[in-house]
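Asker: Before anything else, here's the structure in question.
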């Protein structure tokens, strides 16, 4: 299981939202370039970057910062937030993004989502942001009528890289991971799964590892890193040791 630290960008600043609420923003005095270098020093090989402005409004507000990150750090970058057509996807890949996350169009514009996935096989991830049983859209401001199993079934047989599962009720709360919903999506999904939301300590990493599920490809950690409740180097070490044991 890989550890993926997250950098969430809102109007060029590093922030975290509480349960996806744009009205509850915590801003961190963190330079994105310095953060990627710290992540690399901790043994991480890829950073999860979210353009929160893009997720909310569909415009790539933070693209220049993301491009600057790629040009000035060695670590790989995956990007989500506001990628709603193939031209936007191409633009990110052209500047050197390793892989992208699509969410809203996976439900709102299935044909376009499939086109992007087929154009970039194994480089597109499905963002499965869930509130209860329903998948959320547009920066979590809208609930669709789709459940996560319905969305997954739409993309069976397509070259999806993996699914990022986020329990919105846990995101940014440091309340721990949602194990039972995660088990459900691991059972449903034909694709590898990345867990996201609620990770607060290394014990949460251990709980995920204890599932011993080969489909669980990784976990995204955000607020816990910035608040200091988790030591990234320790988290990476714990995950590496588990891999060596298995």
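Residue numbers (the numbering used here): 2 to 247.
Glycine included, every Cβ here is placed at the ideal spot set by N, Cα and C.
Quantities reported herein were computed from a predicted structural model and do not represent experimental measurements.
Using alpha carbons as the reference points, say which of 122, 85, 105 lies closest to residue 61.
Answerer: Of 122, 85, 105, the residue nearest in Cα terms is 85.
Asker: Bridge partners of residue 89, per DSSP?
Answerer: None; residue 89 has no bridge partner.
Asker: If we require 4 or more residues per run, which alpha helix (DSSP H) segments fall completely within the segment 31-82?
Answerer: DSSP runs (the alpha helix (DSSP H)) wholly in the segment 31-82: 33-42, 53-58, 64-73.
Asker: Am I right that residue 240 and residue 186 are in contact with their C-beta atoms under 8 angstroms? What's the rounded C-beta distance?
Answerer: Their Cβ separation, rounded to whole angstroms, is 20 angstroms, which puts residue 240 and residue 186 out of contact at 8 angstroms.
Asker: Candidates 23, 135, 43, 165: which alpha carbon is nearest residue 147's?
Answerer: The shortest C-alpha separation from residue 147 is found at 135.
Asker: Is the segment 91-105 close to the segment 121-133, with three or more CB pairs under 8 angstroms?
Answerer: They touch, by the three-pair rule.
Asker: Measure the Cβ-Cβ separation of residue 11 and residue 53 and say whether it is below 8 angstroms.
Answerer: Cβ distance < 8 angstroms, so residue 11 and residue 53 count as in contact.
Asker: Which of the three DSSP states, helix, strand or coil, is assigned to residue 206?
Answerer: In this structure, residue 206 counts as helix in the three-state DSSP scheme.
Asker: To which residues does DSSP link residue 143 through a beta bridge?
Answerer: Partner(s): 138.
Asker: When we look at the beta-carbon of residue 255 and count the other beta-carbons within 10 Å, is it buried (16 or more) or exposed?
Answerer: The requested residue 255 does not occur in the structure, where the chain is confined to residues 2 to 247.
Asker: So residue 178 packs on residue 208, CB below 8 angstroms; how close in whole Å?
Answerer: Right, their Cβ atoms sit about 6 angstroms apart.
Asker: Around the C-beta of residue 65, are 16 or more other C-beta atoms found within 10 angstroms, so that it is buried, or is it exposed?
Answerer: Its Cβ having fewer than 16 others within 10 Å, residue 65 is exposed.
Asker: Return the residue from the list 237, 150, 57 that minimises the CA-CA distance to residue 189.
Answerer: Of the listed residues, the one whose Cα sits closest to residue 189 is 150.
Asker: Taking the C-alpha atoms as reference points, what is the distance between residue 83 and residue 57?
Answerer: Rounded to the nearest angstrom, the two C-alpha atoms are 7 angstroms apart.
Asker: With burial defined as no fewer than 16 other Cβ atoms inside 10 Å of the residue's Cβ, what is the status of residue 72: buried or exposed?
Answerer: Exposed, because fewer than 16 other Cβ atoms sit within 10 Å of the Cβ of residue 72.
Asker: Since residue 169 contacts residue 211 with CB under 8 angstroms, what's their CB separation in whole angstroms?
Answerer: Contact flag wrong, Cβ pair sits at about 24 angstroms.
Asker: Using beta-carbon positions only, say whether residue 165 and residue 197 come within less than 8 angstroms of one another.
Answerer: Taking 8 angstroms as the Cβ cut-off, residue 165 and residue 197 qualify as a contacting pair.
Asker: Counting only C-beta atoms, is residue 57 closer than 8 angstroms to chain D at any point?
Answerer: The structure shown has no chain D; it contains just one protein chain.
Asker: Determine the direct distance from the alpha carbon of residue 113 to that of residue 160, and round the result to whole angstroms.
Answerer: About 14 angstroms.
Asker: Note down the Cα distance separating residue 202 from residue 226, rounded to an integer number of angstroms.
Answerer: Cα to Cα, residue 202 sits roughly 9 angstroms from residue 226.
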